[in-house]
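For reference, the structure discussed in these notes is given below.
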Amino acid sequence: MKDQYKSIGNTTEGLFKDKGSRFISYAYPVESEDEVKEIVTQIKKKYHDARHHCYAYRIGVNGEKWRANDDGEPSGSAARPILGVIDSNELSDILIVVVRYFGGIKLGVPGLIHAYKEASLSALESAKIIDKTAYEEIEFEFAHEIMNEVMKITKNGKVQIRNMEIGNPCKILLAVPLSLCESVRQSLSDLSRL
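In this note's numbering, the protein residues as written are 71 to 264.
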């Protein structure tokens with residue numbers, strides 16, 4: 071199972087101008103749709119006098135959560151090009167917002183597609199591309215006597231301990247890369263028989 075994917079490690083800004091229109095773009099690392107809503111709301115407040123606030127995002131190891139919003143531009147002329155930039159760079163956990171100030175000259179659908187694509191690329195120019203690992207949390211309850219065996223599971227450096235309660239019984243919360251979940255579950259299952 072795939073657990074590695076690319077994202078950005080920093081918030082960046084870009085700018086594209088065409089026939090008097092200004093396209094101010096931002097790329098944000100995000101991990102939830104709530105984060106996306108909050109950022110888009112902040113952008114709309116900051117640029118309250120702009121004509122359009124178009125955006126697209128992908129979230130998750132396979133980019134399974136996504137949305138593209140044209141915010142009043144002709145259908146497919148703004149958000150699709152933004153999403154296209156995200157997809158062509160194979161990124162996830164990312165939001166790109168492009169704010170448009172109308173310059174008085176209509177660009178037409180082909181011109182808008184070009185402008186939103188270029189603005190999105192401009193925002194990504196200074197982004198630091200990072201590798202991310204998708205994790206699943208696994209909780210395990212065990213007798214204190216097998217503590218050493220449980221800890222051996224975390225020794226490979228890839229399985230992380232998120233929380234641990236030492237008592238009788240002990241509890242541990244592990245963050246396990248998706249590709250290791252099956253083997254870690256099997257190891258814990260074997261330990262529970264001790």
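C-beta: ideal position from N, C-alpha, C; glycine also.
Could you tell me the distance, in whole angstroms, from the CA atom of I236 to the CA atom of S249?
The residue labelled residue 236 in the question sits at position 166 within the sequence shown. The residue labelled residue 249 in the question sits at position 179 within the sequence shown. So the two alpha carbons sit approximately 28 angstroms from each other.
C-alpha gap between Y98 and N80, whole angstroms
On the sequence shown, residue 98 is found 28 positions in, with the first residue counted as 1. On the sequence shown, residue 80 is found 10 positions in, with the first residue counted as 1. Going by the C-alpha atoms only, they are around 7 angstroms apart.
Please classify D163 as buried or exposed, where buried requires at least 16 other C-beta atoms within 10 Å of its C-beta.
One-based indexing of the sequence shown puts residue 163 at position 93. That one is buried.
Could you check which residue in L261, M234, G227 has the C-alpha nearest to that of V246?
Against the sequence shown, residue 246 aligns to sequence position 176. Measuring from the Cα of V246, the nearest candidate turns out to be G227.
Name, in chain order, the residues that DSSP records as bridge partners for Q256.
Position 186 of the sequence shown, counting from 1, holds the residue named residue 256. In the DSSP output, where bridge partners are listed per residue, Q256 has none listed.
Quick one: using the 10 Å Cβ neighbour count with 16 as the cut-off for buried, is E143 buried or exposed?
The residue you call residue 143 lines up with position 73 of the sequence shown. When all chains shown are included, E143 counts as buried.
What distance in whole Å lies between the Cβ atoms of K222 and E160, which are believed to be in contact at a cut-off of 8 angstroms?
Residue mapping note: residue 160 aligns to position 90 of the sequence shown, counting from 1. Residue mapping note: residue 222 aligns to position 152 of the sequence shown, counting from 1. Not really, about 35 angstroms apart at Cβ, beyond 8 angstroms.
Taking 6 angstroms as the limit between beta carbons, can you name the residues of its chain near Y117, skipping five residues before and five after?
Numbered from its first residue, the sequence shown carries residue 117 at position 47. For Y117, where only same-chain residues beyond five positions count, the Cβ hits under 6 angstroms are V169.
In whole angstroms, what separates the C-alpha of L165 from that of L243?
In the sequence shown, counting from the first residue as 1, residue 165 sits at position 95. In the sequence shown, counting from the first residue as 1, residue 243 sits at position 173. Their backbone Cα atoms lie some 30 angstroms apart in a straight line.
With C-beta atoms as the reference, is V155 less than 8 angstroms away from L191?
As a first step, residue 155 must be located in the sequence shown, where it is residue number 85. As a first step, residue 191 must be located in the sequence shown, where it is residue number 121. Cβ atoms of V155 and L191: closer than 8 angstroms.
Let me confirm a value: T82 is counted as buried when at least 16 other C-beta atoms fall within 10 Å, else exposed. Which label applies?
Translated into the one-based positions of the sequence shown, residue 82 becomes position 12. Counting Cβ neighbours within 10 Å, T82 comes out buried, since at least 16 surround it.
Output the distance between the C-alpha atoms of V167 and L85, rounded to the nearest integer angstrom.
Here residue 167 corresponds to residue number 97 of the sequence shown, with the count starting at 1. Here residue 85 corresponds to residue number 15 of the sequence shown, with the count starting at 1. Going by the C-alpha atoms only, they are around 11 angstroms apart.
Closest Cα partner of N139 within the set N238, A148, K89, C251:
One-based indexing of the sequence shown puts residue 139 at position 69. Per the Cα distances, A148.
According to DSSP, is N132 helix, strand or coil?
Sequence index remark: in the sequence shown, residue 132 carries index 62 (1-based). Of the three classes helix, strand and coil, the one that applies to N132 here is coil, per DSSP.
Shortest alpha-carbon distance to S253 belongs to which of C240, T224, K198?
Within the sequence shown, residue 253 is the residue found at index 183, counting from 1. When each option's Cα is compared against that of S253, the closest is T224.
Report the residue from D88, A126, G173 whose alpha carbon sits nearest the alpha carbon of V100.
Indexing the sequence shown from 1 puts residue 100 at position 30. Ranking the options by Cα distance to V100, first place goes to A126.
One or two residues paired with D201 in a DSSP bridge:
Counted from its first residue, the sequence shown places residue 201 at position 131. K76, per the DSSP bridge assignment.
Whole-number beta carbon distance between E207 and C251, since they are thought to touch under 8 angstroms
Stepping through the sequence shown from its first residue, residue 251 is reached at position 181. Stepping through the sequence shown from its first residue, residue 207 is reached at position 137. Contact flag wrong, Cβ pair sits at about 10 angstroms.
Near G90, which residues of its chain fall below 7 angstroms by C-beta distance, leaving aside the five closest residues on each side in sequence?
Translated into the one-based positions of the sequence shown, residue 90 becomes position 20. Around G90: G173, G174, I175.
Alpha-carbon to alpha-carbon, E105 and I46:
Within the shown structure, residues of the chain are numbered from 71 to 264, placing residue 46 beyond reach of any answer.
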